[in-house]
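Participant:
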Amino acid sequence: MNRLTRLFTWLSAAVITSLTLAGCGGGSSGTGAPLVGKSFVAGPLSMDGQVAGAPVQTAQALIKINGSTSTDPAQLQAGMQLQANLNNAATQSITYEADAIGVITRLQPLGAQTIVSLMGREVVIDGATRGPGGVAPSLALGQTLEVSGTKRSDGRLQVSFARLVPSTTTHQTLDAISAHGPAGQVQVGGLNVDVTGLGNAAMVAAMPLGTRVVVRGVMTSASTLQASHFAIHAWIPPLDAGSAFSIEGLVQQLAADRVVINDQAISLGASISAGAGASLQAGARVRISGLADPSLGLQSLAFQVLSLSPLP
Numbered sequence: 000m001n002r003l004t005r006l007f008t009w010l011s012a013a014v015i016t017s018l019t020l021a022g023c024g025g026g027s028s029g030t031g032a033p034l035v036g037k038s039f040v041a042g043p044l045s046m047d048g049q050v051a052g053a054p055v056q057t058a059q060a061l062i063k064i065n066g067s068t069s070t071d072p073a074q075l076q077a078g079m080q081l082q083a084n085l086n087n088a089a090t091q092s093i094t095y096e097a098d099a100i101g102v103i104t105r106l107q108p109l110g111a112q113t114i115v116s117l118m119g120r121e122v123v124i125d126g127a128t129r130g131p132g133g134v135a136p137s138l139a140l141g142q143t144l145e146v147s148g149t150k151r152s153d154g155r156l157q158v159s160f161a162r163l164v165p166s167t168t169t170h171q172t173l174d175a176i177s178a179h180g181p182a183g184q185v186q187v188g189g190l191n192v193d194v195t196g197l198g199n200a201a202m203v204a205a206m207p208l209g210t211r212v213v214v215r216g217v218m219t220s221a222s223t224l225q226a227s228h229f230a231i232h233a234w235i236p237p238l239d240a241g242s243a244f245s246i247e248g249l250v251q252q253l254a255a256d257r258v259v260i261n262d263q264a265i266s267l268g269a270s271i272s273a274g275a276g277a278s279l280q281a282g283a284r285v286r287i288s289g290l291a292d293p294s295l296g297l298q299s300l301a302f303q304v305l306s307l308s309p310l311p
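Its first residue numbered 0, the sequence shown is counted upward by one per residue in numbering that gives the first Met the number 0.
1) Can you name the residues that DSSP bridges to Leu290?
2) Please confirm whether Leu109 and Pro136 have their CB atoms less than 9 Å apart.
3) Nearest-angstrom Cα distance between Gly132 and Met79?
4) By Cβ distance below 6 Å, which residues in the same chain neighbour Met46 in space, the five residues on each side in sequence not counted?
5) Could you check whether Leu208 and Ala233 sit closer than 9 Å to each other, using their CB atoms as the reference points?
6) Using C-beta distances below 7 Å, list every residue in its chain close to Asp125, excluding the 5 sequence neighbours before and after it, in chain order.
7) Pick out whichever of Gln225, Thr143 and Asp292 has its Cα sitting closest to the Cα of Pro244.
8) Compute the Euclidean distance between the alpha carbons of Gln157 and Arg284, then round it to the nearest angstrom.
9) Write down every uninterrupted run of the beta strand (DSSP E) in the segment 126-164 whose length is 3 residues or greater and which is fully enclosed by it, in chain order.
10) Of all the options Ala204, Gln251, Ser152 and Gly296, which has the alpha carbon lying nearest to the alpha carbon of Ser177?
11) Specify the secondary structure class of Pro72 as computed by DSSP and reduced to three states.
12) Checking the sheet assignment: what are the DSSP bridge partners for Val203?
13) What would DSSP say about Leu208, mapped onto helix, strand or coil?
14) Does DSSP classify Gly216 as helix, strand or coil?
15) Check whether the segment 140-156 touches the segment 92-110, taking contact to mean three or more Cβ pairs, one atom from each stretch, closer than 8 Å.
16) If we call anything under 9 Å between Cβ atoms a contact, is Ser266 one with Ser299?
17) Pop quiz: Gly189 and Arg120 are said to be a contact at Cβ under 8 Å. What is the actual Cβ separation, rounded to whole angstroms?
18) Across which residues does DSSP place Asn86 in a beta bridge pair?
19) What three-state label does DSSP hand Gly110 in the structure shown?
20) Following the continuous beta strand (DSSP E) through Leu190, name the residue where it begins and the one where it ends.
21) Bridge partners of Leu44, per DSSP?
22) So if DSSP puts Val304 in a beta bridge, which residue, or which two residues, is it bridged to?
23) Closest by CA to Thr169, which one among Val122, Val214 and Ile235?
24) Quick one: using the 10 Å Cβ neighbour count with 16 as the cut-off for buried, is Gln251 buried or exposed?
25) Return the bridge partner residues of His170 from the DSSP annotation.
26) Any heavy atom of the ligand MN within a distance shorter than 8 Å of the CB on Ala175?
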């Protein structure tokens with residue numbers, strides 16, 4: 000049985016499950032379906048050790064957390080947005096990069112949610128946000144906060160994991176390049192980044208707008224970060240042709256034939272007309288499984304709407 004046949008068999012079962020759950024208005028992660036061959040998953044780590052419905056094992060995996068290799072799987076906590084490479088369901092590598100690590104400069108309660116400003120970026124914490132021990136921390140101005148989440152349709156970050164860190168921690172942002180400034184200057188999200196001290200400043204200047212990058216460094220003012228690290232960090236990296244993928248996140252943008260999640264476009268194809276996407280809208284939390292095609296890009300074959308909670 001070749002890879003495509005095996006993948007089709009797995010995805011066929013996933014489609015049936017997804018459409019059944021979508022008809023009921025959502026569903027739980029269950030035990031997850033095993034991925035066959037080379038595959039990639041991205042999304043929040045669930046309480047039962049799954050990412051986007053796929054079980055993730057940490058025993059033999061190479062683990063990287065905020066750029067550093069870790070030998071302690073316990074550092075991976077529920078709610079963290081993970082990327083994992085698998086081979087025949089065996090986890091090969093796991094990567095976690097925080098979306099932001101910075102000082103809290105504003106706290107704005109908004110109903111059951113709290114809008115938090117970190118380095119000029121607005122992030123949203125609510126009752127679903129996890130933290131150490133499964134509970135989000137109590138927050139105060141001036142604390143240094145690490146957050147992980149998925150982009151919303153209004154541009155804010157919906158936080159799935161948050162924890163307080165020492166004030167000496169290096170600041171970090173994971174976002175898309177929004178503008179190029181004078182030589183050695185670039186905007187990532189709404190943050191000014193100075194890359195003059197890096198050897199790859201010319202490469203940074205040539206990066207297209209919208210490129211998703213991770214930046215680490217020191218804040219030299221309220222709105223400027225002096226970068227010590229600057230690298231491309233696609234939510235879904237280039238995948239080998241025929242590789243399976245399963246991802247989970249909030250819909251930023253929606254078109255007739257594609258959906259954008261965390262700045263990543265995914266073609267919907269027939270899966271949207273199969274019934275799962277009948278009530279799809281921007282802001283919905285979805286799980287999408289599919290196949291990497293060398294000419295067509297990321298093709299969705301199974302589609303599940305997990306939540307349709309409207310944004311405030």
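For glycine and all other residues, C-beta sits at the position ideal for the given N, C-alpha and C.
Facilitator: Based on what the coordinates show:
1) Ala243 and Gln298
2) no
3) 13 Å
4) Ala77
5) no
6) Ala111 and Gln112
7) In the sequence on display, residue 244 carries Phe and not Pro. When only C-alpha atoms are compared, the closest one is Asp292.
8) 11 Å
9) 143-150 and 156-164
10) Ala204
11) helix
12) Val203 is not bridged to any residue.
13) coil
14) strand
15) yes
16) yes
17) 6 Å
18) Lys37 and Ala89
19) coil
20) Leu190 to Asp193
21) Val50
22) Val285
23) Val214
24) buried
25) Gly216
26) Because no ligand of any kind appears in the structure shown, any question about the ligand MN cannot be addressed here.
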